[in-house]
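See structure below.
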Amino acid sequence: MPGSGRSESACSPHTPPCPQPKPHPTPRIRRMWVWPGQMWSSATPAPCSLGSHGLTDTLLRYTAACSRLLVQYKAAFRQVQGSEISSIDEFCRKFRLDCPLAMERIKEDRPITIKDDKGNLNRCIADVVSLFITVMDKLRLEIRAMDEIQPDLRELMETMHRMSHLPPDFEGRQTVSQWLQTLSGMSASDELDDSQVRQMLFDLESAYNAFNRFLHA
Numbered sequence: 001m002p003g004s005g006r007s008e009s010a011c012s013p014h015t016p017p018c019p020q021p022k023p024h025p026t027p028r029i030r031r032m033w034v035w036p037g038q039m040w041s042s043a044t045p046a047p048c049s050l051g052s053h054g055l056t057d058t059l060l061r062y063t064a065a066c067s068r069l070l071v072q073y074k075a076a077f078r079q080v081q082g083s084e085i086s087s088i089d090e091f092c093r094k095f096r097l098d099c100p101l102a103m104e105r106i107k108e109d110r111p112i113t114i115k116d117d118k119g120n121l122n123r124c125i126a127d128v129v130s131l132f133i134t135v136m137d138k139l140r141l142e143i144r145a146m147d148e149i150q151p152d153l154r155e156l157m158e159t160m161h162r163m164s165h166l167p168p169d170f171e172g173r174q175t176v177s178q179w180l181q182t183l184s185g186m187s188a189s190d191e192l193d194d195s196q197v198r199q200m201l202f203d204l205e206s207a208y209n210a211f212n213r214f215l216h217a
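The opening residue of the sequence shown carries number 1 in full-length UniProt numbering; numbering runs sequentially from there.
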């Protein structure tokens, strides 16, 4: 009312309780806000059929996108974990983010595993795509310690070995094998230097492209 001296938006006994404001985020926290929406939009692959030749392009794009977001999440969360936020669950509670599908992907640390009634070929393909993307994006985000790279690279090699459809002379196997040998000569805390990172990215990108060509042959 005019002349009442009270703001129209002020709380009163006759109005519902005012909502509590969200905590004021720091710049690093604000950067984390972009992630849940992206992860949610990629948490479930678009409907598609699994043909006799393996995964469709849609499913491959989903696997690559979700794997990339998982790596980006880990890199972003490291910057806020500690005094500001102790866990991703606390982050979601504190800033009132409702993203259950994204949380499932984080907890499993991989895209949704796809199977069909013909066995595990599609799962192997999805895992190979995911691991290629994971290692390359770690390097791009300057995650280069031996103990951060070697486990994913070893799993990539093991997964390719399980793919009986993959030719024995597939160039990606040799590429990954050579880099595993390089990493085996390093201690856990040793890091790849700039030249090694650049070469490894080039080699893995070439191997990944060769894998995609094989899938579409």
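Just so you know, even glycine gets a beta-carbon here, dropped at the ideal spot from N, CA and C.
All of these numbers come straight from a predicted model, not from anything done at the bench.
Linking residue 155 to residue 94 through their CA atoms gives a straight-line distance of about 35 Å. Our two residues, residue 141 and residue 75, have alpha carbons roughly 7 Å apart in a direct line. With distances taken between CA atoms, residue 132 lies nearest to 203 out of 203, 106 and 216.
The closest CA to that of residue 67, considering only 191, 109 and 215, is found on 109. In terms of Cα proximity to residue 210, the closest of 85, 175, 191 and 186 is 175. For residue 184, the enclosing alpha helix (DSSP H) starts and ends at 171-184.
Taking C-beta atoms as the reference points, residue 139 and residue 201 count as a pair closer than 9 Å. Distance check between residue 125 and each of 103, 166 and 79 places 166 closest, using alpha-carbon atoms only.
For residue 108, the secondary structure class from DSSP, reduced to helix, strand or coil, is helix. Here residue 191 carries a strand assignment [DSSP, helix/strand/coil]. Rounded to the nearest whole angstrom, the CA to CA distance from residue 216 to residue 121 is 15 Å. Taking 9 Å as the cut-off, the beta carbon of residue 183 is found closer than this to the beta carbon of residue 146. The three-state secondary structure of residue 217, taken from DSSP, is coil. According to DSSP, residue 145 shares a beta bridge with 191. With respect to residue 58, residue 129 sits apart: the two C-beta atoms are not nearer than 9 Å. Residue 106 is positioned such that its CB atom lies no closer than 9 Å to that of residue 85. Rounded to whole angstroms, the gap between the alpha carbons of residue 205 and residue 194 is 16 Å. Distances from the CA of residue 159 to each of 173, 77 and 96 were compared; the closest alpha carbon is that of 173.
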